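The working numbering numbers the first residue of the sequence shown as 1 and each following residue consecutively. Just so you know, even glycine gets a beta-carbon here, dropped at the ideal spot from N, CA and C. Note that this is a predicted model, so its numbers are computed, not measured.
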Amino acid sequence: MIKGIRGFKDILPEETPAWSWLESRARELLLRYGFSEVRLPILERTELFARSIGEATDIVEKEMYTFVDRSGESLTLRPEATAGMVRAFIEHGLHVRPRPLRLFTIGPMFRHERPQKGRLRQFHQVDVEVFGEASAGVDAELVALALEILSAGGARDLRLEINSLGCPECRKPYRDELRKFLLARRDRLCEDCQRRAERNPLRALDCKKESCQAEFREAPGLSSFLCEDCREHYQAFREYLREAGIRFEENIRLVRGLDYYTRTIFEIKAPGLGAQDTVAAGGRYDGLVSALGGPETPAVGFAIGMERWLLTARPPQDLRPAPELFIAPLGEEALRRALWLALHLRRKGLRVETDYGGRSLKALLRQADRLGARMVLILGEEELRSGRAILKDLSSGFQQVLPFSDLRDLSNRILIEILF
Ligand code: ATP
Ligand code: MG
């Protein structure tokens, strides 16, 4: 037997109702906030990710699914959606549309990481981006939206962590300072962080190893390095959050796994998820659109990890309603009628299932029961001869004989009237 790939999960029939339900919650709120949906390809040129996420990031260094296609081009399964969104924004000249432009997309992302609870190799994100607005008001609005979406799915006790990464100007002296700090305790850091200290010191702060995190407790934060503009922007962001009654924690060592972020960054954590407790994360990336060849465009966004959101979700119980009617045909003639009748009643809006013949009445009743059907319509040979069928309520056991001429008019309302 050929098995699926490690870290690539099948989402089975009993799981999909919760997925669809969550996606609907997200879409509903996103539309209310003025967002439009886009659907983007899953494959992009490798270069797009190398240039946007950053060469010296975990994602680009070791997590991407990259291959050379038959025409010799290096392609990559998208590890995240922002890069593709920015590419599409530039390619289709979306900067001429009214600003800010609010876009979202929902779909699978791919990263070659170690699979564990809340961490897969194919996972899914709700990705949300706003182009063309520099105000910290949008940052706060997006944080509010992320919290609203997560809560609408049933998540509780969410924790918001925020920080500012400043701009390239103020980050430079900070990076030098942090590099000094890291190099001073080089021997106690993991191999990755030793390398990061040289190449991309900020990335070290995102290391998942406890031993490294312990070393970073005294690490300098960026806040004291922020330039005036960045400091004001961060100040405004926090004021907007307070104004909206949104509680937050400042984490001066919060960084993100992608290089394109500037100024605002945030993560939303949920209790009970173990080590992978960040459900949503995002931030501002004012330099990315121009870095990828587009016009100077401030932008900010976030992504919700669907799998982790699902772990916090509380979908309603009855997402996949049972059939209202099960038609139990006995014999060939009855089967022909059953198929026709099922089609007809479904057109009227009734949830109907039937059987395709060859089973005993006992087996059919058992099946109807297993499906949770409310009513069974028995079409037996005897009934066919007399032009009648038996309608039976499975929970009360109450039953009634109906002439065929009445069957065509069965609808949910009439079913109820007949039996009660
Ligand atoms: P982490 O620190 O957990 O690796 P990240 O910083 O790499 O997360 P982002 O790139 O910011 O994650 O992606 C945003 C969200 O997507 C995460 O908060 C998480 O919910 C989800 N996510 C990221 N990687 C995975 C994965 N491998 N499997 C499942 N969900 C993921
Ligand atoms: Mg990661």
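Nearest neighbour of residue i, chosen from the options [CA to CA]
| i | options | result |
| --- | --- | --- |
| E353 | L371, S360, I390 and R337 | L371 |
| I327 | D139, L319, L394 and R203 | L394 |
| S74 | T82, M64, A81 and L202 | M64 |
| L258 | T297, G272, P201 and A244 | P201 |
| E47 | E37, F35 and E61 | E61 |
| V128 | V86, D318 and I90 | V86 |
| L425 | A140, E91, G132 and H112 | Nothing about residue 425 can be read from this structure; the chain reaches only from 1 to 420. |
| D286 | G166, A26, E332 and F216 | G166 |
| G397 | R388, L377 and S386 | L377 |
| W21 | M306, A363, D369 and G357 | M306 |
| D10 | P108, E243, L222 and D406 | P108 |
| G93 | R119, G283, A270 and G294 | G294 |
| P98 | V130, A368 and A88 | V130 |
| V38 | F89, F237 and E191 | F89 |
| L217 | E55, F181 and A140 | One point to set straight first is that residue 217 is Arg, not Leu, in the sequence displayed. The option with the nearest alpha carbon to R217 is F181. |
Cβ distance (whole Å) where residue i is taken to contact residue j below 8 Å
| i | j | result |
| --- | --- | --- |
| L147 | T105 | With a Cβ gap of about 20 Å, L147 and T105 do not count as contacting. |
| V289 | T264 | Incorrect: roughly 16 Å between the Cβ atoms, too far for contact. |
| R121 | F8 | 6 Å |
| A152 | Q125 | With a Cβ gap of about 17 Å, A152 and Q125 do not count as contacting. |
| I268 | L145 | Contact doesn't hold; Cβ gap of about 11 Å is too wide. |
| E169 | C227 | 6 Å |
| C230 | S164 | 6 Å |
| S25 | I149 | According to the sequence displayed, residue 25 carries Arg and not Ser. Yes, R25 and I149 are in contact; Cβ-Cβ is about 7 Å, under 8 Å. |
| L407 | L341 | 6 Å |
Residue i to residue j span [Cα, whole Å]
| i | j | result |
| --- | --- | --- |
| V255 | D58 | 13 Å |
| I390 | V401 | 5 Å |
| K348 | L339 | 15 Å |
| P323 | D355 | 13 Å |
| E350 | L325 | Strictly speaking, residue 350 in this sequence is Leu, with Glu absent from that position. Cα to Cα, L350 sits roughly 8 Å from L325. |
| I246 | R188 | 38 Å |
| A281 | F404 | 60 Å |
| A303 | F266 | 11 Å |
| L142 | D318 | 31 Å |
| A155 | T312 | 5 Å |
| F248 | G137 | 16 Å |
| E91 | Y261 | 21 Å |
| R45 | T76 | 6 Å |
| V279 | K117 | 13 Å |
| K392 | A373 | 11 Å |
| E14 | L343 | 25 Å |
| G274 | P17 | 25 Å |
| D69 | R185 | 43 Å |
| I2 | T66 | 23 Å |
| S360 | P315 | 37 Å |
| H112 | A140 | 32 Å |
| G357 | Q399 | 22 Å |
| R203 | I53 | 12 Å |
Reduced DSSP secondary structure (H/G/I, E/B, other) of residue i
| i | result |
| --- | --- |
| H92 | coil |
| G137 | helix |
| Q125 | strand |
| D69 | coil |
| R374 | coil |
| G34 | coil |
| D393 | strand |
| K269 | strand |
| R171 | helix |
| M1 | coil |
| G84 | helix |
| V255 | coil |
| T57 | coil |
| I246 | coil |
| S74 | strand |
| P201 | helix |
| T297 | coil |
| F104 | strand |
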